[in-house]
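Input: a single structure, listed below in C-alpha cells.
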Amino acid sequence: MLQSNLFTKTKKEAPKNEVSKNAILLSRAGFIHKEMAGVYSFLPLGWRVMQKIMQVIREEMNVIGGQELFLTSLQIPELWSKTNRWSVVDNWFTTKLKNGADLGLAFTHEEPLTNLMKEHLSSYRDLPFSAYQFQTKFRNEERAKSGIMRTREFIMKDLYSFSKDEKEHQDFYEKAKNAYIKIFKRLGLEDKTYTTFASGGTFSKYSHEFQTLTSAGEDTIYIDRNKKIAVNKEVYTDKVLSDLGLKKSDLEGEKAVEVGNIFSLGTRFSESFDLNYLDEKGEKQLVVMGSYGIGPGRLMGTIVEVLSDEKGIVWPSEVAPFAVHLLCFGDKSSKSYKEAKNLYRQLQERKIEVLFDDREMRAGEKFADSDLIGIPLRVVVSDKTIAEGKVEVKSRGNGGEKLIEEAELFANLEKHK
RNA sequence: CGGGGCGUAGUAUACCGGUAGUACGCUUGAUUUGGGAUCAAGUAGACUGGGUUCGAUUCCCAGCGCCCCGACCA
C-alpha cells in the first residue's frame, strides 16, 4: 500500500481525552478512532491488525476442530428467561421491535447457540463438536476505561464445546487450553501471560483465565514465576493453594489483564434448554458444554501496552499491519523514489505486505512515523544506499541499521513468511 | 452508580465580562532534504439550552459529553 493513499494521519500530540498508553499510541498512529467512551472504530491500519489477530485465533480454533459460524446480535428475551439471565444481567443493552417486543443486544451467546443446537444434535454420534464465532458483543459497562481494554462494544471470539460426558469435555478443555497458550505465544505475549486459576466451572473446581502482566490491567493475580501459573484474587485462599500445590511464599501479586477465559459449563445450559442426545443404549443424556472466550481488541491493546517503547508501537510480526515499511527520501523525480518504487513492486510480486512511504517529506518525519506505526522491518532506499548498491534494513524492536543486498532482503522475508 | 476534574480551530493549549491568541496540521510560494526544517502569506474555533448583564466564550443553573478514583465486571 502507498502511504500517500492512506487517509489516516499520525499525530504528534496525544489526544487529551485519553490517558492509557494503548489508546494514546493507537490514536496517534491512526489505528483507532474513539466514537464515544468505551466505543472505538478501527481504521485501516488498526483493522488490519485486528484481522491478523483474529486469523491467528481462527487458525488455532480450527486446529482443535472448531467450526466457525456467525450468530446474531439481536436476541430474544425468551431464550434468556430460560436461564434466568434476562432480568438478572444488568449490563444488557436492550431495545424494542416496532411492535413493542423487547430485544437484547448480545453480550454472550450460550443461550441462542444451545437452543440452536436442539435442531442439529440428537445422537451420541453427533458428539463431540465445537463451534465458534467472531461476533460483536455489547455490554453496558458502568464505566469504560483503559482505552480499548475495556469497552462497551467489542468483537469477541467465543467458542462453545459440546461433549457427551465430563471426560470427553475435559479432553477438549485441555486441547482448548493448549490452543490458547499457542495463540498468546504467536502474539508475542508468551512471557507475560499466565494460565490462571479462577473460580467457576461446574464439575471442575476451577475455570482458567489467561492473564497478561501489565500495569494497565484491572486484575490482581498471584503468580508463581517458576511454574508459570497463577491464581486470581477470588481463589487466593490457603485451601486452594494447597489444592494446587502452590506455596504462598512462592507467589507474587501482580497487576494483569484478562486476555482469555475458558470455562466448563457442565449441563447448566443443556438442562435449561433440554439439549440432550440418545446414547448407545437409547437413553437420554444431557450434553456437557464449555465456553472459551478471547477478545481480539483487548489483545491488541495488551500488545501495545506490553511491547511498545517510548517511540511508539512494536508489533509482533504475526499481527503487524504490514511486514515491511519501505521508506524513500526525495521527491517523485528523485532516483531514490524510482528505486524504492521498483523495490515496492518486487515485494508485492513476492506477496510480501509492504507499506511504501512515498510521501514527499523530510527524513525525520518519516522515521518518526515509522517508529510510531511499529511495522517490524523498516527498509530505507536513499542516495546513500543506492551508492552502495544495497538497501538499509532495521528491525523495529531492536538493533541498528545495516546495509544488505536486495536479494538477501527477499530471502529473509521469504523465510519468515 | 458515588466522589473529583474538564469541555475553546482537525490536534494540543492560552487569555479575557467588551470583536478569541499561540503551536502543530492543512493551502500557496521560496529555500531546504538521513531523525518531527526555515521564512512569508493564508485556512480554521468558544458543547447545547436557559438565566444574570448594555454586552457572556468568560459569571450562575440545567442538560449532554469526556477523563480520573472507587464500586461493578455473564
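For the first sequence, this note's numbering assigns the number 34 to the initial residue and increments by one for each residue that follows.
Where is the CB? At the ideal position from N, CA and C, for every residue including glycine.
Presumed contact (8 Å Cβ cut-off) between residue i and residue j, rounded CB distance
i      : j      : result
Phe243 : Thr228 : 6 Å
Val424 : Leu442 : 6 Å
Lys344 : Leu405 : 7 Å
Ile336 : Pro349 : 7 Å
Phe195 : Val89  : About 24 Å; that fails the 8 Å criterion.
Gly315 : Met182 : Between Met182 and Gly315 the Cβ distance is about 50 Å, and since that is not below 8 Å, they are no contact.
Ile346 : Val292 : 17 Å between Cβ atoms; not a contact.
Phe389 : Tyr377 : 4 Å
Val264 : Leu277 : 7 Å
Pro329 : Ile188 : 6 Å
Arg392 : Ser37  : 5 Å
Residues near residue i by beta carbon distance below 7 Å, same chain, minus five either side
i      : result
Gly433 : Lys427
Glu207 : none
Asn309 : Ser303, Lys317, Gln318, Leu319 and Val320
Met150 : Phe195 and Leu308
Rounded straight-line distance, which links the Cα of residue j to that of residue i
i      : j      : result
Glu285 : Val273 : 16 Å
Ser303 : Gly63  : 45 Å
Val414 : Lys371 : 10 Å
Leu532 : Asn294 : The chain is shown only over 34 to 450; residue 532 falls outside these bounds and no answer can be derived.
Thr245 : Gly133 : 44 Å
Gly71  : Ser369 : 44 Å
Glu49  : Lys67  : It is Lys, not Glu, that sits at residue 49 in the sequence shown. Each residue's Cα considered, the two are about 12 Å apart.
Asp271 : Tyr239 : 15 Å
Glu93  : Asp416 : 45 Å
Ala420 : Arg81  : 35 Å
Ile262 : Phe230 : 8 Å
Gly323 : Lys210 : 12 Å
Phe162 : Lys129 : 34 Å
Glu338 : Asp123 : 30 Å
Asp283 : Asp312 : 47 Å
Lys281 : Asp224 : 22 Å
Glu144 : Glu439 : 55 Å
Arg91  : Leu279 : 34 Å
Met34  : Val412 : 14 Å
Tyr325 : Lys218 : 17 Å
Cβ neighbours of residue i in the same chain (closer than 8 Å, five flanking residues each side left out)
i      : result
Thr127 : Asp135, Leu136, Gly137 and Leu138
Asn95  : Glu101
Leu146 : Leu104, Ala164 and Tyr193
Leu78  : Leu39, Thr41, Ala62, Gly63, Phe64, Pro354 and Ile406
Asp198 : Gln318 and Val321
Other residues of its chain near residue i: CB distance less than 6 Å, five sequence neighbours each side excluded
i      : result
Ser232 : Glu267 and Val268
Phe103 : Gln166
Ser179 : Ser53 and Ala249
Asp402 : Thr43
Ser430 : Here residue 430 turns out to be Gly, not Ser, going by the sequence shown. Cβ neighbours of Gly430 beyond the five flanking positions: Val347.
Thr247 : Val290, Glu338 and Val339
**Report entry** beta strand (DSSP E) runs contained entirely in the stretch 254-293, provided each spans 3 or more residues
**Finding:** 262-265
Requested in this report: Could you pull out every unbroken beta strand (DSSP E) segment of at least 3 residues lying fully inside the stretch 338-398, listed in chain order?
Outcome: 357-361 and 387-390
Query raised in the report: Is it true that the stretch 154-166 meets the stretch 112-123, where meeting means three or more beta-carbon pairs spaced less than 8 Å apart?
Result: no
Report task. Count the C-beta pairs between the stretch 406-414 and the stretch 354-367 that are closer than 8 Å, then say yes if the count reaches three, no if not. Result -> yes
Query - beta strand (DSSP E) segments (min. 3 residues) lying fully within the stretch 125-153 - result: 126-129 and 135-138
Report task. Let me know the beta strand (DSSP E) ranges lying completely inside the stretch 155-236, each 3 residues or longer, listed in chain order. Result -> 162-171, 186-196 and 226-232
Query - Complete beta strand (DSSP E) runs within the stretch 80-109 (minimum length 3 residues, chain order) - result: 99-101
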